[in-house]
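In my numbering, each residue carries its 1-based index in the sequence shown increased by 16.
From the three backbone atoms N, C-alpha and C, an ideal C-beta is built for every residue, glycine too.
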Amino acid sequence: MQEGFVFDFLKFTQNERSVTIGVMSICTKTLRVRIKDKHAKVLARMAFEVNQVWNATNELTAEYAWVPIPEVGYVSLQTSEYDLQKELRPIREERKLSIGAATVQSVIAQHAKSRRQFKRSKLRWRCSGGSRRALGWVPFKTAGVKLVKGQIRFCGEFFCVWDSYGLSQYELGTGSFSEDARGRWYFNTTVKVEAKPGAGIKSVGIDLGLKTVVTGSDGIKLDRRYITDEFAQQLGIAQRANKSKRVKAIHAKIKNSRRDALHKFTTMLTQDYGAIFVGDVSSKKLVKTSMAKSVLDTGWGMLKEQLRYKAMAQSVFFDEVKERNTTQTCSSCRIIPGSSPKGRAGLRIREWTCCACGVTHDRDINAAKNILALGLERLVGGTPCL
Ligand SMILES: [Zn+2]
């Protein structure tokens, strides 16, 4: 389902005016197979147990968050994941849970991670019933699952799946069982495969951002600091000294070097890829917000313009797709989970884990993957931009 990551490292060296691209040959793929419906009951029971562990963790972290200290008042204390793991170790015995110790650990670890991510000591409860119930989620570690005669063995149970990938070819890695809104269950696992580089035939989705100017669906990045950092200091010095001529000169230099870096980057993209899809975010719209300076700095318009004409010159397919919801949607299971970054507060979040399928995403790479998927859908289906 997923195109693998290829970790390309792109580095612009201002002095040497050169572009270095290194390629690592291992990529991680997420496989997702549907579990037969007859197992829904067992999985729902496991998910109920997972929710109990989650909520017990939540109780503890909320309780520990504010501790009264005499003559000082209430002091906020962070409970470490280590302490929680220790404190909750007996929960399986006490509540007679059937899920394994590794799964309990994974749930607590995920809770800790989400707390760090959202900077909260208490998270949302995972309800097992009612209209606000959380979709079933049962995480596991590599050692917890095994493929036995085409069935997945987990916690003493065997699950039949529609094996569309030939799972036996792979070594199953960390992942989760997850339920979708229709009550169907899926087995999600990460596997390592060797990357197959192929210049000019790969497709790439491009997310235009603020912190990183460009992030590709395969991990390729163009950082803003490569463009302006070395000049920022000089500019500061000149401004403090009130040297207006010098300030102007540095601004011109920044402009040139930015254009230069973008040209190299867009040339490389059109040479290496057969199809390029970019999110349709309009810089005009964002200029009106408080992010104006960053937007102007990144020069999205310039980037798209260059891509458009260079793609045309080299018969590369170039298209813009509506990037609505591309940040919030999980590129592995294609739903918008509760744990994805949302709104203005979400801008800070660089990495997040999908609470539905358990895959951890780099915020920008995930968005770029969604843009790629949307672009490819349009290319294949010939449908207009929705
Ligand atoms: Zn997901």
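CB of residue i within 8 angstroms of CB of residue j, strictly
| i | j | result |
| --- | --- | --- |
| Lys-157 | Thr-190 | yes |
| Ile-124 | Thr-73 | yes |
| Cys-370 | Ser-355 | yes |
| Gly-232 | Leu-278 | no |
| Gly-166 | Asp-179 | yes |
| Ala-384 | Ile-270 | no |
| Gly-295 | Glu-339 | yes |
| Gly-66 | Ile-107 | Inspection of the sequence shows that residue 66 is occupied by Val rather than by Gly. The answer is no: Cβ separation not under 8 angstroms. |
| Asn-71 | Trp-153 | no |
| Pro-86 | Gln-126 | no |
| Tyr-186 | Val-49 | no |
| Val-164 | Leu-188 | no |
| Lys-358 | Gln-344 | yes |
| Val-177 | Ile-51 | yes |
| His-377 | Cys-349 | no |
| Ile-352 | Asp-196 | no |
| Phe-293 | Asp-234 | no |
| Leu-139 | Arg-131 | yes |
| Thr-77 | Ser-137 | yes |
| Ala-291 | Phe-247 | no |
| Leu-323 | Leu-363 | no |
| Val-88 | Leu-104 | no |
| Val-58 | Glu-173 | yes |
| Gln-101 | Ile-365 | no |
| Ala-159 | Ala-117 | no |
Exposure of residue i, with buried meaning 16 or more beta-carbon neighbours within 10 Å
| i | result |
| --- | --- |
| Gly-146 | exposed |
| Ala-389 | buried |
| Cys-143 | exposed |
| Gly-225 | buried |
| Phe-175 | buried |
| Asn-382 | buried |
| His-267 | exposed |
| Gln-249 | exposed |
| Gly-391 | buried |
| Arg-379 | buried |
| Ala-445 | Residue 445 lies beyond the stretch modelled for the chain, which goes from 17 to 402, so this question has no answer here. |
| Phe-193 | buried |
| Tyr-289 | buried |
| Ala-63 | buried |
| Asp-99 | exposed |
| Gly-182 | exposed |
| Ala-128 | buried |
| Ser-122 | buried |
| Asn-12 | Summary: the structure shown does not reach residue 12, with the chain confined to residues 17 through 402, and so no result is reported for it. |
| Lys-237 | buried |
| Lys-320 | buried |
| Arg-111 | exposed |
| Arg-256 | exposed |
| Ile-168 | buried |
| Val-83 | exposed |
| Val-297 | buried |
By C-beta, the residues closer than 6 angstroms to any heavy atom of ligand 1, given in chain order: With the cut-off at 6 angstroms, the residues found are Cys-346, Ser-348, Cys-349, Pro-353, Cys-370, Ala-372, Cys-373 and Val-375.
Every unbroken beta strand (DSSP E) within the region 311-367, with a cutoff of 3 residues, ordered by chain: Counting whole runs of 3 or more residues, the region 311-367 contains the beta strand (DSSP E) stretches 333-337.
Enumerated in chain order, which unbroken segments of the alpha helix (DSSP H) with a length of 4 residues or greater are wholly contained in the region 114-196? Unbroken alpha helix (DSSP H) runs of no fewer than 4 residues, entirely contained in the region 114-196, are found at 117-134, following chain order.
Taking only runs that begin and end inside the region 67-109, name each unbroken alpha helix (DSSP H) of 4 or more residues, in chain order. The alpha helix (DSSP H) runs lying completely inside the region 67-109 and spanning 4 residues or more are 97-103, given in chain order.
Runs of beta strand (DSSP E) lying entirely within the region 232-274, each at least 3 residues, in chain order: List check, beta strand (DSSP E) in window: 237-239.
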